[in-house]
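> Sharing a structure with you now.
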Amino acid sequence: MPRREITSGNWAFAEAMRQINPDVVAAYPITPSTDIPMKFAEFVANGKVDTNFVTVESEHSAITACVTAAAAGARVMTASSANGVALMHEIFPIAGCFRTPIVFGLVNRSIGAPINIHCDHSDSMAERDAGWVHLYCEDAQEAYDTAILAVRLAEHKDVLSPVFVCQDGFITSHGFEPVEILDDATVKAFVGERDADFPLLDVDHPVTYGSFAMAEYYFEIKRQQVEAMKNVLKVYDGVAKEYEALSGRFYPKLERYRTEDADFTVVVMSSASGVVKDVVDELREQGIKAGCLRVRMFRPFPAEELATALGSSKAIAVLDRALSIGGTAPLAAEVKSALYDSGKHVPVQSCVYGLGGRDFFPQYARELFADLSAGKVSREERYLGLLE
Amino acid sequence: MAIRIKDYTQKQSPLTNGHRMCPGCGAPTAVHQGLMGVESPIVVVNATGCLEVSTTVYPFSSWRVPWIHTAFENAGAGVSGVEAAYVALKKRGRIDREIKFVAFGGDGGTYDIGLQSLSGALERGHDFTYICYNNGGYMNTGAQRSSATPKGANATTSPAGSVVPGKIQKPKDLTAIVEAHRIPYVAQTTLFNATDVAEKVKRAVETPGPAFVNILVPCVLFWGIDPALQQDICKLAADTRFWPVYEVVDGAWKLTYKPKKRVPIEEFLKPQGRFRHLFKGDGSKALLEEIQADVDADWQKVLDRCGETWEA
């Protein structure tokens, strides 16, 4: 029987790790993801898991050990944030190219400078082209569920790619809320045991990982990764439905909240979507056709599905919790590109909010919807809650 | 621990012929000699460097054993991950073979950029052997200086000029740094004696826990030597006491090669192109004396640690 607990996003993710009981976890502490390895260390110390927990001396070594352990044939998980993620940057594309199905709890935090421990998405957005699947979670329940689901997605033979399971630092990672925890046996049966192809530890069939490929071969190898990511779009719903069958919870690539007939839609990711959805309800009561489209899967980007979901919208605002300094904010760029390709040319307001943990209030969403309905949409990026 | 080289020469090396290392390069010799005594199956982890690049030119591989390379500064972490997976899968009954783990890194990947990763792996106590094939600089990128480059060497980022006579700093004593991690087996050798290399690596691999072997190997291009003189230059490194040959077993230091007579450092330096500038005119006499004094002092330190005396 599932049980309900009051827990945090970090602890919920760690609880999923306990139930998954991966072969190897290699991790290094950094705020705000530290709770995950700390909690997991308790599980190790108390015999709740028999994972080989490797307490490395840096994030760079953490992800390196994850990659080589996964290449060896192990099921591997880890967690990190912010500068830790940035330090791992060199190794992420290697994990992607080696097709090592690592499941990574990425607790979003701003990247310095200025140094700041609170949430924004600048850490994961900087890794968006690394060949990893990016899933962004709204709350602790979703972080828990996605950790489990991600194991199956990452190890799917058509995918074989690492997965970031992102949750908002402090807001989700340290906020306590009710979370339904599946029973251990259910999770164990769902994730099964990893059946690795070409493991390094098969000494009778030696393989070479990480060879040197010049212009004659490099391009073709990268092209295969593109195909693996496309496959994620094909197989994701199947995995999510299997998970729904045992949990009752279905997590789509895109959450369409009252978007079917929406005139004005706000596109957003992660925890801020709760605020936007509340405001949508408020406006709907006033007869305003507002909608919220929450992007859960950012890589691969479900562009066609997104354009369809925005089909009725006359004006759209995109909320980014990250900057692309000197360019278009990452989610806005994707949304605009998806709309252009679909032939739908409606005004899109790009907004950046919540950097460095700046609060996102319902009033910002109300004002945004009011501006969309008043036709106040500009090509200029807007900054919500900024003092200037 | 006696090794019969004759027997081992019948064994297939984990590294095939036909790799793309230069003729006379010491790195593949270190691999062949080092691994020939190893009986159990191994997985090799390689830091970025000449050995990595030249043995795995896609779609070919010169490795008959499982082999992995991720990046430059992380062979220590890389071997940790593979070993951690092995320990986990063995505990869970999904592997029943005895497998050993060997990491190779050049001095750039070991003394410099990979030092932290190596230190972490040593402290955590994984069961692996790390072999540094030390040619005293960054050869893969064109002979730049590293913290293993000898004083006075002409390297491309410490060139011998009219004002600066090549690298002015002493190399760091990495073997002693590794020994300070209190691991069960540490050794230093060079390609002067295949039996010594094979015995040390064999012992390192068979020792449970972390082990480290620092093997001085020539790069024929950087060192500026005749490729045929690979073994001779290594013998001179040992005989001039430039590269003391010893091992440390559970903290006990033991000199494993004692030169019979005092050979001046010039004999090691003179045949090498990278020190040629030290022998033009007599402007470098003071520097040569300084290098000799360094060698004598370092040798004395090793003697003291080994509880040995040496008169020649």
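Chains as they are written, first to last, in this note's numbering: chain Y, 195 to 582; chain F, 33 to 344.
Built from N, CA and C at the ideal position, the CB exists for glycine as well.
Bear in mind that the values here come from a model prediction, so they are computed numbers and not experimental data.
#1: In this structure, how does DSSP classify Trp275/F when only helix, strand and coil are distinguished?
#2: How long is the line joining the alpha carbons of Gln220/F and Gly299/Y, rounded to whole angstroms?
#3: Where does the unbroken beta strand (DSSP E) through Gly146/F begin, and where does it stop?
#4: Which residue comes first and which comes last in the alpha helix (DSSP H) that contains Ala360/Y?
#5: If you measure beta-carbon to beta-carbon, which residues of the region 244-255 of chain Y are closer than 9 Å to chain F?
#6: Would you call the CB atoms of Thr272/Y and Ala235/Y closer than 8 Å?
#7: Shorter than 7 Å, the distance from the beta carbon of Phe247/Y to the closest heavy atom of the ligand ZN, or not?
#8: The alpha helix (DSSP H) with Pro55/F in it runs from where to where?
#9: Kindly say whether Thr173/F, judged by its beta-carbon, lies nearer than 8 Å to any beta-carbon of chain Y.
#10: Output needed in chain order: residues of the region 148-168 of chain F with a Cβ under 9 Å from some Cβ in chain Y.
#11: Is Ile610/Y close to chain F, meaning its C-beta is less than 8 Å from at least one C-beta of that chain?
#12: For the region 110-123 of chain F, which residues have a CB atom closer than 7 Å to at least one CB atom of chain Y, in sequence order?
#13: Please confirm whether Pro91/F has its beta-carbon closer than 8 Å to some beta-carbon of chain Y.
#14: Where in the region 218-257 of chain Y do unbroken runs of the beta strand (DSSP E), each at least 3 residues long, occur, reported from the N-terminal end onward?
#15: Relative to the alpha-carbon of Leu147/F, which residue among Ala208/F, Gly174/F, Val196/F has its alpha-carbon at the smallest distance?
#16: Is the beta carbon of Val385/Y closer than 8 Å to that of Ile342/Y?
#17: From Ile375/Y to Met195/Y, what does the alpha carbon distance come to, in whole angstroms?
#18: Enumerate in chain order the residues of its own chain whose CB-to-CB distance from Ala344/Y is below 7 Å, with the five nearest sequence positions on each side excluded.
#19: Identify, in the order they occur along the chain, each residue of the same chain with its Cβ nearer than 6 Å to the Cβ of Ser86/F, setting aside the five sequence neighbours on each side.
#20: Does any residue of chain Y bring its CB to less than 8 Å from the CB of Ala135/F?
#21: For Thr363/F, count neighbouring Cβ atoms within 10 angstroms of its own Cβ and tell me buried if that reaches 16, exposed if not.
#22: Locate the beta strand (DSSP E) running through Leu329/Y, then write down its first and last residues.
#23: With three or more beta-carbon pairs closer than 8 Å as the criterion, would you say the region 223-238 of chain F touches the region 56-76 of chain F?
#24: Run through the region 257-317 of chain Y for me and flag every whole beta strand (DSSP E) of 3 or more residues, listed as ranges in chain order.
#25: Quick check: the Cα distance between Val119/F and Gly108/F, rounded to an integer number of angstroms?
#26: Relative to the C-alpha of Glu387/Y, which residue among Leu121/F, Leu206/F, Phe254/F is closest?
#27: Considering only the alpha carbon of each residue, which of Asp39/F, Lys38/F, Val114/F, Pro55/F lies closest to Val252/F?
#28: Since I believe Asp457/Y is in contact with Ser507/Y (beta carbons under 8 Å), could you give me their beta-carbon distance rounded to a whole number of angstroms?
#29: Exposed or buried, which one is Asn106/F when buried takes at least 16 other CB atoms within 10 Å?
According to the data block:
#1: In the second sequence, the residue the question calls residue 275/F occupies position 243. In the structure shown, Trp275/F sits in coil (DSSP, three-state: anything other than H, G, I, E or B).
#2: As a first step, residue 220/F is located in the second sequence; it is residue number 188 there, counting from the start. As a first step, residue 299/Y is located in the first sequence; it is residue number 105 there, counting from the start. Near 42 Å, if we compare the C-alpha coordinates of Gly299/Y and Gln220/F.
#3: Translated into positions along the second sequence, residue 146/F becomes position 114. Note, Gly146/F: premise wrong, no beta strand (DSSP E); not H, not E.
#4: In the first sequence, counting from the first residue as 1, residue 360/Y sits at position 166. Strictly speaking, residue 360/Y in this sequence is Cys, with Ala absent from that position. Annotation for Cys360/Y: no alpha helix (DSSP H) segment contains it, though the beta strand (DSSP E) segment containing it runs 357-362.
#5: Asp244, Thr245, Asn246, Phe247, Val248, Thr249, Val250, Glu251, Ser252, His254, Ser255
#6: On the first sequence, residue 272/Y is found 78 positions in, with the first residue counted as 1. On the first sequence, residue 235/Y is found 41 positions in, with the first residue counted as 1. Result no, Cβ atoms of Thr272/Y and Ala235/Y do not sit closer than 8 Å.
#7: Within the structure as shown, the ligand ZN is missing, as the structure has no ligands at all.
#8: On the second sequence, position 23 is the one that residue 55/F refers to. DSSP places Pro55/F outside any alpha helix (DSSP H), giving it a letter other than H or E.
#9: Along the second sequence, read from residue 1 onward, the residue named residue 173/F stands at position 141. No, no contact with chain Y.
#10: Gln148, Ser149, Ser151, Gly152, Ala153, Glu155, Arg156, His158
#11: With chain Y running from 195 to 582 in the structure shown, residue 610/Y is simply not present.
#12: Gly110, Ser112, Gly113, Val114, Ala116, Ala117, Tyr118, Val119, Ala120, Leu121, Lys123
#13: Indexing the second sequence from 1 puts residue 91/F at position 59. Cβ-Cβ to chain Y under 8 Å: yes for Pro91/F.
#14: Qualifying beta strand (DSSP E) stretches, in chain order: 218-221, 246-249.
#15: Locating residue 147/F in the second sequence gives position 115, where the first residue counts as 1. Considering only alpha carbons, the answer is Ala208/F.
#16: Residue numbering aside, residue 342/Y sits at position 148 when the first sequence is read from its first letter. Residue numbering aside, residue 385/Y sits at position 191 when the first sequence is read from its first letter. It is a contact, given that the beta carbons lie within the stated cut-off.
#17: By one-based count along the first sequence, residue 375/Y stands at place 181. By one-based count along the first sequence, residue 195/Y stands at place 1. If you take the alpha carbons of Ile375/Y and Met195/Y, they lie about 9 Å apart.
#18: Counted from its first residue, the first sequence places residue 344/Y at position 150. Only Val297, Leu329, Val357, Val359 meet the Cβ criterion.
#19: For this step, residue 86/F is matched to residue 54 along the second sequence. His51, Arg52, Met53.
#20: Residue 135/F sits at position 103 when you count from the first residue of the second sequence. It does not; no Cβ of chain Y falls within 8 Å.
#21: No statement about residue 363/F is possible, as the shown extent of chain F runs from 33 to 344 and does not include it.
#22: One-based indexing of the first sequence puts residue 329/Y at position 135. Taken as a continuous stretch (DSSP letters only), the beta strand (DSSP E) holding Leu329/Y covers 327-330.
#23: yes
#24: 270-274, 297-302
#25: By 1-based counting over the second sequence, the position of residue 119/F is 87. By 1-based counting over the second sequence, the position of residue 108/F is 76. Taking the straight line joining both Cα atoms gives about 16 Å.
#26: Locating residue 387/Y in the first sequence gives position 193, where the first residue counts as 1. Of Leu121/F, Leu206/F, Phe254/F, the residue nearest in Cα terms is Leu121/F.
#27: As a working note, residue 252/F is residue 220 in the second sequence. Comparing Cα positions, the closest option is Pro55/F.
#28: In the first sequence, residue 507/Y corresponds to position 313, counting from 1. In the first sequence, residue 457/Y corresponds to position 263, counting from 1. Confirmed, Cβ separation roughly 7 Å.
#29: As a working note, residue 106/F is residue 74 in the second sequence. Under this definition Asn106/F is a buried residue.
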